[in-house]
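*Asks:* Take a look at this one; I'll ask things after.
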């Protein structure tokens, strides 16, 4: 009788697996397609450079070179897309060159296009890729028939070289390109913020002081007509108009204080922030420790005020104005959202190296968040437009601490 024995698990052969993974096949496809695309790119680069260079002595050569570099950018875009799809290389798209209108005219745009580093690096990539494309095409195609046991290792090695070439020659200009993109975004934030401020000022003038002045003019006109017929009635109307004048002046003062208060210009952040803190619904302690502060950074009550920073050592007017605006907005948030349990708040301003630091804290209900289109999000955008930072720490029921950073620029350098 034939006995059958079970084969131990350790003696079983490994399961059959695919020789090449999907990643390897994509890399092989990339390496094989290198040659035809490299021929097209090489021919284009040589013809473009030689033609534009030969015609550079004429008026046609320079614009032709600019257009050629623009088209080389488009070839680079295709190469980045191919590398992204087959090699998994994630390379950001370079910042596009602004058109003639945004560049200030045709000749500034022409000069910017000619010295475009992205276009020239793409041309270099097309030139050096032809010999490399011949090598990768030959090795990948012949290796499928005679070198298949070691082909995955060769393919990975050559694909890594291609990845390095794409990252090195087809990526944006590193910090410069990223900085340009950040500045373009920040410029949009500044423009939007300025437009919103202008609309707010116009609305406040129209709904406040302007309406009162119109009513005042009408009241004085009626009083003038009654001056001879009803002197007592005219006197009462003039009395009422006098009250309207006082209210209109107060509204104008409040509006001017919201834009840029005179005390900030005359006496600096210390006195200006003390004035803002005095209007908060909770007691506020203001601590300003800046170069040139005659008070030496000693804490003082908001209602007391103090002499402002001396002109020497004060931050630039623009930075000082933003710092005032930030503290004013944060103290308004304290008044509105800190809750009935809030007993006090603290405003601290100091310089740390090349940064102006601001910290506003309260012991209210917490739970503040810069997300969801809140006022804190608007403050963060405004600070980001001048290389500033806003950090919010507001756990529910444990108060709120908002820290803001601004770049320090001396007043004498603006």
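In the numbering used here, the protein residues as written are -12 to 401. Note that beta-carbon positions come from the ideal geometry of N, C-alpha and C, so glycine has one too.
Quick one: residues in its chain with C-beta nearer than 7 Å to the C-beta of residue 382, no 5 flanking neighbours on either side, listed in chain order?
*Replies:* 353
*Asks:* Grab me the residues of residue 269's own chain with a C-beta within less than 6 Å of its C-beta, minus the 5 sequence neighbours each way, in chain order.
*Replies:* 329, 331, 332
*Asks:* Please look up how many angstroms separate the CB atoms of residue 377 and residue 357, rounded, as I've assumed it's under 8 Å.
*Replies:* Correct: roughly 7 Å between the Cβ atoms.
*Asks:* Looking at the structure shown, is residue 219 part of a helix, part of a strand, or coil, going by DSSP?
*Replies:* helix
*Asks:* Let me check understanding here. Comparing Cα to Cα, which of 351, 158, 263, 155 lies closest to residue 312?
*Replies:* Distances from the CA of residue 312 to each of 351, 158, 263, 155 were compared; the closest alpha carbon is that of 263.
*Asks:* With 16 as the cutoff for other CB atoms within 10 Å, does residue 301 come out buried or exposed?
*Replies:* Residue 301 comes out buried.
*Asks:* In the DSSP assignment, find the beta strand (DSSP E) that holds residue 348 and state where it starts and stops.
*Replies:* Per DSSP, the unbroken beta strand (DSSP E) holding residue 348 starts and ends at 342 to 349.
*Asks:* Between which two residues does the beta strand (DSSP E) harbouring residue 269 extend?
*Replies:* Residue 269 -> no beta strand (DSSP E), and no H or E assigned at all.
*Asks:* So, are the CB atoms of residue 351 and residue 326 less than 8 Å apart?
*Replies:* yes
*Asks:* By a C-beta neighbour count over all protein chains shown, 10 Å radius and 16 as the cutoff for buried, is residue 113 buried or exposed?
*Replies:* buried
*Asks:* How is residue 391 classed by DSSP in three states: helix, strand or coil?
*Replies:* Note: residue 391 maps to strand in three-state DSSP.
*Asks:* Alpha carbon to alpha carbon, how far is residue 31 from residue 49? Give it in angstroms, no decimals.
*Replies:* 17 Å
*Asks:* Could you tell me the boundaries of the alpha helix (DSSP H) in which residue 32 lies?
*Replies:* 9 to 41
*Asks:* Quick check: the segment 43 to 59 against the segment 129 to 139, are there 3 or more CB pairs under 8 Å?
*Replies:* No: the two stretches stay apart, fewer than three of their Cβ pairs being nearer than 8 Å.
*Asks:* Quick one, which of 310, 10, 108 has its alpha-carbon nearest residue 36's?
*Replies:* 108
*Asks:* Excluding the 5 residues preceding and the 5 following residue 42 in the sequence, name in chain order all residues of the same chain whose CB lies nearer than 8 Å to its CB.
*Replies:* Excluding sequence neighbours, residue 42 sits near 48, 51.
*Asks:* Which residue comes first and which comes last in the beta strand (DSSP E) that contains residue 47?
*Replies:* Unbroken run through residue 47: none, as it is neither H nor E.
*Asks:* Helix, strand or coil, according to DSSP, for residue 80 in the structure here?
*Replies:* Note: residue 80 maps to coil in three-state DSSP.
*Asks:* Taking residue 365 as the reference, give the member of 349, 271, 309, 20 with the closest Cα.
*Replies:* 309
*Asks:* Under the three-state reduction of DSSP, which class applies to residue 321: helix, strand or coil?
*Replies:* helix
*Asks:* Between the Cα of residue 152 and the Cα atoms of 220, 102, 74, which residue gives the shortest distance?
*Replies:* 74
*Asks:* My assumption, with CB atoms under 8 Å, is that residue 391 sits in contact with residue 345. Please give the rounded CB distance.
*Replies:* That pair is a contact at about 4 Å.
*Asks:* Note the first and the last residue of the continuous beta strand (DSSP E) segment covering residue 201.
*Replies:* Careful: residue 201 lies outside any beta strand (DSSP E), inside the alpha helix (DSSP H) at 197 to 213.
*Asks:* What does the alpha-carbon distance come out to for the pair residue 110 and residue 341?
*Replies:* 41 Å
*Asks:* Give the C-beta separation of residue 429 and residue 336 to the nearest angstrom, bearing in mind that I take them to be a contact with Cβ-Cβ under 8 Å.
*Replies:* The structure shown does not extend to residue 429, since the chain is modelled only from -12 through 401, so no value can be given for it.
*Asks:* Classify residue 81 as buried or exposed, calling it buried when 16 or more other Cβ atoms lie within 10 Å of its own Cβ.
*Replies:* buried
*Asks:* Got a sec? Which residues, its chain only, sit under 6 Å from residue 14 by beta carbon, not counting five neighbours each side?
*Replies:* 142, 146
*Asks:* Output needed for residue 386: all residues of its chain with C-beta closer than 7 Å, excluding positions within five of it in sequence on either side, in chain order.
*Replies:* 348, 349, 350, 351, 353
*Asks:* Just the C-alpha distance for residue 339 and residue 362, rounded to the nearest angstrom, thanks.
*Replies:* 26 Å
*Asks:* Does residue 70 come out as helix, strand or coil in the three-state DSSP assignment?
*Replies:* helix
*Asks:* Could you tell me the distance, in whole angstroms, from the CA atom of residue 258 to the CA atom of residue 235?
*Replies:* 25 Å
*Asks:* How far does the alpha helix (DSSP H) with residue 364 in it reach, from first residue to last?
*Replies:* Residue 364 -> alpha helix (DSSP H) spans 362 to 371.
*Asks:* Compare the Cα-Cα distances from residue 86 to each of 79, 78, 100 and report the closest residue.
*Replies:* 100
*Asks:* Following a CB-centred definition, is residue 115 positioned closer than 7 Å to any heavy atom of the ligand GDP?
*Replies:* Here there are no bound small molecules, and the ligand GDP is not part of this structure.
*Asks:* Report all residues from its chain with a CB closer than 6 Å to the CB of residue 284; omit the five preceding and five following residues, and keep chain order.
*Replies:* Any reading at residue 284 must be qualified, since the residue scores a pLDDT of 43, below 50, and its modelled position is unreliable; the value itself is stated next. Excluding residues within five positions, the ones whose Cβ falls inside 6 Å are 276.
*Asks:* With a Cβ-Cβ cutoff of 8 Å, do residue 67 and residue 78 count as a contact?
*Replies:* yes
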